[in-house]
Amino acid sequence: MSPDSPVHPLGSQAKILLTSVFGPFAQDDEYGSRAINPMELYHNQVTREQGPFSLRMFHRSFGLILMKENIDAPCTLLDFPDLERFEQEISDNAYDIVGISAIMPNIGKVKKMCELIRARLPHAVIVVGGHIANVEGIRERVGADHVCRGDGVRWFRRFLGMDGNAPVRHPYVPSGFGTRILGIGVKDEPESTAAILIPSVGCPVGCNFCSTSALFGGKGRFINFYETGDELFAVMDGLEKGHGVQSFFVMDENFLLHRSRALRLLELMEEQGKSWSLFVFSSARVLQSYSMEQLVRLGVSWVWMGLEGQESSYRKLNGVDTRELVRELQSHGIRVLGSTIIGLETHTPHNMDAVIDYAVSHDTVFHQFMLYTPIPGTPLYEEHRGNGTLLGEDERPAADNHGQYRFNYIHGHIRDGQETGFLKDAFTRDFQVNGPSLARMIRVMISGRQRYRHHPDACVRKRFRRETRELGTTYAAALWAMAKWYRADRRMHARLKGMLKDLYALCGWKARIAAPLMGIFARFAIGREQKRLESGWTYEPPTFCEKNSRAMELEIPVPAREKAVPVRQPVFTPQAASRQS
1449 MSPDSPVHPL GSQAKILLTS VFGPFAQDDE YGSRAINPME LYHNQVTREQ GPFSLRMFHR
1509 SFGLILMKEN IDAPCTLLDF PDLERFEQEI SDNAYDIVGI SAIMPNIGKV KKMCELIRAR
1569 LPHAVIVVGG HIANVEGIRE RVGADHVCRG DGVRWFRRFL GMDGNAPVRH PYVPSGFGTR
1629 ILGIGVKDEP ESTAAILIPS VGCPVGCNFC STSALFGGKG RFINFYETGD ELFAVMDGLE
1689 KGHGVQSFFV MDENFLLHRS RALRLLELME EQGKSWSLFV FSSARVLQSY SMEQLVRLGV
1749 SWVWMGLEGQ ESSYRKLNGV DTRELVRELQ SHGIRVLGST IIGLETHTPH NMDAVIDYAV
1809 SHDTVFHQFM LYTPIPGTPL YEEHRGNGTL LGEDERPAAD NHGQYRFNYI HGHIRDGQET
1869 GFLKDAFTRD FQVNGPSLAR MIRVMISGRQ RYRHHPDACV RKRFRRETRE LGTTYAAALW
1929 AMAKWYRADR RMHARLKGML KDLYALCGWK ARIAAPLMGI FARFAIGREQ KRLESGWTYE
1989 PPTFCEKNSR AMELEIPVPA REKAVPVRQP VFTPQAASRQ S
């Protein structure tokens, strides 16, 4: 096999295992797991100091699922195994290729997995990918054969001698599972859980710290799986018809930047009477280039937006009053997750209070805080390497370079681990000043329904009715319970009671009855969850074992071993979806 364009000798007959790294995750161990870095995006980076009010959920390995459904070879996916389960899988099955996806803090886990593969499957080819691919010398460091950088679907197709540019089949994948809040589990159902939608990979903006941009070739480099609004509409329509989903979590670094595609999608949604909800990532300047009416008609109901910092110099924020933009978006029922960097070059111990206060003043529904971290492959990393300010792994192990603990370089002003305290202060202050994110979300939902319940467009009215259908029951009870919890905090108690009053006025007698009846249980659940957390309780994802259709054809039932989950749900290409309509 040529190292530049390798092709496996078995081609499409090769048996493939794709796997995430092994757990458990929310603990400190020898392989790189860290208690401060659990496998929960929100609880890890967004609501981590909100105690029983923290949003807890897991997200599948979306890239691996997309690859599994687009490889015309027998392929098994193992997601979130523990070490024993992974070893069992490679001991019981003769795989020809094993692909491991990981982020950089998991180098130790990947190395251990490669060692086990060499012992159990000595003839198997090992491929590593994901953000770990940005690490220099990663192939030799972990003992792999190949490194997959960028688009894994195209890489694996070519590796198997297939057409790398064939259309991408889009699987149905719920955006999250195992959701809990206030200590109460939430059902993972299509009508209440958004489906993942992946129009593009890479990022055309290319911020200096962005690992995703670096992974796909740097600033301005990206790959569109679906170039047009027509193609995207066909995929979404197929997912709706096949699974009843009406909301989509759009995994695209700056979805609205592709303006012609977005506006064509809007045009088709209006022609076909679709009231879909979109959860999107977008930069502030791009958001501001759309009218609020366009965003609302397009179904944008949630936005993850980089705020970065008041003195940041990123072009995506030039000329934008982000506080006013957030206020306007949320007044129209669009929930905002703002993202702020702690540790920019201008940050010092003396101005950190002002930095945090500025971020908190946005009063976004959710707020992510991350340390300014140079990741291998990024311009920021090269800048620090050139300046000689990077710390070696003997000083800062790779397992701790996840943006939620310590700098992996010498900061110009912040020293001796002060960044850990500043990061905690940011999360804590946002929680103390703005209250639980759940309450903020309910407030924005109330605003949206108040504004759009009589909108002339039937699709807009229908979407807001659907998104707020539980305001008078579940959310009324949650507000009631939170108000009871905060009785000793006069300011927050008054704020929550005010929201509850607005909700009663909007939803009427139904909410007035449901709030105390259901709220009693919610209040009990909050207290129970608080005790669990104080006792050190953690949350881990279950293991998934899934096979594509080619692998299912080879499946021989063996009662003594765990059965694979037969994931044979329809997948959609624009061509197939158009034939169905």
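Mapping of the sequence shown onto our numbering: position 524 corresponds to residue 1972, and the numbering continues sequentially without gaps. Here a beta-carbon is modelled for each residue, glycine too, at the ideal position from N, C-alpha and C. These numbers were taken from a predicted model, which means no experiment stands behind them.
### Task
Examine the Cβ distances between the segment 1920 to 1928 and the segment 1535 to 1542 and report whether three or more of them are shorter than 8 Å.
The segment 1920 to 1928 is not in contact with the segment 1535 to 1542.
### Message
So for Y1543, helix, strand or coil by DSSP?
### Response
Position 95 of the sequence shown, counting from 1, holds the residue named residue 1543. Three-state DSSP puts Y1543 in coil, outside helix and strand.
### Message
Which residue marks the beginning of the alpha helix (DSSP H) containing S1779, and which one marks its end?
### Response
For the purposes of this step, residue 1779 is taken as residue 331 along the sequence shown, with counting starting at 1. From DSSP, the alpha helix (DSSP H) with S1779 extends over T1770 to S1779.
### Query
Do F1681 and Q1742 have their C-beta atoms closer together than 9 Å?
Looking up residue 1681 in the sequence shown gives position 233. Looking up residue 1742 in the sequence shown gives position 294. No.
#### Entry: Rounded separation between V1808 and L1746 - CA only
Position 360 of the sequence shown, counted from the first residue, corresponds to residue 1808. Position 298 of the sequence shown, counted from the first residue, corresponds to residue 1746. The alpha-carbon atoms of V1808 and L1746 are separated by roughly 28 Å.
### According to DSSP, residues forming a beta bridge with N1672
The residue labelled residue 1672 in the question sits at position 224 within the sequence shown. Answer is S1648, bridged to N1672.
### Query
According to DSSP, which residues form a beta bridge with H2047?
In the structure as shown, the chain begins at 1449 and stops at 2029. Residue 2047 is therefore absent and cannot be evaluated.
### Message
If the criterion is Cβ atoms closer than 9 Å, does the pair Q1758 and D1811 meet it?
### Response
Taking the first residue of the sequence shown as 1, we reach residue 1758 at position 310. Taking the first residue of the sequence shown as 1, we reach residue 1811 at position 363. No, the Cβ-Cβ distance between Q1758 and D1811 is not below 9 Å.
### Query
Taking contact to mean at least 3 C-beta pairs separated by less than 8 Å, is the segment 1583 to 1597 in contact with the segment 1611 to 1624?
Touching, no, given that fewer than three Cβ pairs across the two stretches are closer than 8 Å.
### Query
Between P2007 and S1468, what straight-line distance do the alpha-carbon atoms span, to the nearest angstrom?
Sequence index remark: in the sequence shown, residue 2007 carries index 559 (1-based). Sequence index remark: in the sequence shown, residue 1468 carries index 20 (1-based). In this prediction, P2007 has a pLDDT of 45, which is less than 50 and means its spatial position is unreliable; nothing more can be read from the coordinates.
### Task
Would you mind sorting F1969 into buried or exposed? The rule is 16 or more other CB atoms within 10 Å of its CB.
Walking along the sequence shown from the start, residue 1969 turns up at place 521. Under this definition F1969 is an exposed residue.
### Query
Mind checking V1455: buried by the 16 CB within 10 Å criterion, or exposed?
Numbered from its first residue, the sequence shown carries residue 1455 at position 7. Around the CB of V1455, fewer than 16 other CB atoms lie within 10 Å, so the residue is classed as exposed.
### Query
Considering C1562, what are the terminal residues of the alpha helix (DSSP H) in which it resides?
The residue labelled residue 1562 in the question sits at position 114 within the sequence shown. For C1562, the enclosing alpha helix (DSSP H) covers residues I1555 to R1568.
### Message
Which same chain residues end up closer than 7 Å to T1826 when comparing Cβ atoms and leaving out the 5 residues on each side of it in sequence?
### Response
Start at 1 with the first residue of the sequence shown, and residue 1826 comes out as number 378. Contacts found: N1656, F1657, C1658, S1659 and A1662.
### CB of S1723 within 9 Å of CB of R1914, strictly
For the purposes of this step, residue 1723 is taken as the residue at position 275 of the sequence shown. For the purposes of this step, residue 1914 is taken as the residue at position 466 of the sequence shown. Contact flag set, yes.
### With 16 other Cβ atoms within 10 Å as the buried cut-off, status of D1878
As a first step, residue 1878 must be located in the sequence shown, where it is residue number 430. The residue is buried, with at least 16 neighbouring Cβ atoms inside 10 Å.
### Message
Considering just the uninterrupted stretch of the beta strand (DSSP E) at V1751, what are its terminal residues?
### Response
As a first step, residue 1751 must be located in the sequence shown, where it is residue number 303. Run containing V1751: V1748 to E1756, per the beta strand (DSSP E) assignment.
### Query
Considering G1654, what are the terminal residues of the beta strand (DSSP E) in which it resides?
By 1-based counting over the sequence shown, the position of residue 1654 is 206. Taken as a continuous stretch (DSSP letters only), G1654 belongs to no beta strand (DSSP E), as it is neither H nor E.
### Query
What three-state label does DSSP hand F1696 in the structure shown?
On the sequence shown, position 248 is the one that residue 1696 refers to. When secondary structure is reduced to three states using DSSP, F1696 falls in the strand class.
### Query
Where does P1665 fall in DSSP's three states?
One-based indexing of the sequence shown puts residue 1665 at position 217. In the sequence under discussion, the amino acid at residue 1665 is Gly, which differs from the Pro named in the question. The three-state reading of DSSP puts G1665 in coil, since its state is none of H, G, I, E or B.
### Task
Could you tell me if the beta carbon of G1865 falls within a distance shorter than 8 Å of some heavy atom in the ligand FAD?
By its list of ligands, the structure shown contains no ligand whatsoever, and the ligand FAD lies outside what it can speak to.
### Task
Thinking L1569 and V1601 are a contact (beta carbons under 8 Å), I'd like their distance in whole angstroms, please.
Locating residue 1569 in the sequence shown gives position 121, where the first residue counts as 1. Locating residue 1601 in the sequence shown gives position 153, where the first residue counts as 1. About 24 Å separates the two Cβ atoms, so there is no contact after all.
#### Entry: When A1906, R1911 and S1737 are compared against L1711, the one with the closest alpha-carbon
Here residue 1711 corresponds to residue number 263 of the sequence shown, with the count starting at 1. The candidate whose alpha carbon is nearest that of L1711 is S1737.
### Query
Would DSSP call L1406 helix, strand or coil?
For residue 1406 there is no data in the structure shown, the boundaries of the chain being 1449 and 2029.
#### Entry: Residue burial classification, P1989 (beta-carbon count within 10 angstroms, cutoff 16)
Here residue 1989 refers to the residue found at position 541 of the sequence shown. With 16 or more other Cβ atoms inside 10 Å of its own Cβ, P1989 counts as buried.
#### Entry: Classification of L2002 by the beta-carbon crowding that lies within 10 angstroms, buried from 16 upward
Indexing the sequence shown from 1 puts residue 2002 at position 554. Of the other Cβ atoms in all chains shown, fewer than 16 fall within 10 Å of the Cβ of L2002; this residue is therefore exposed.
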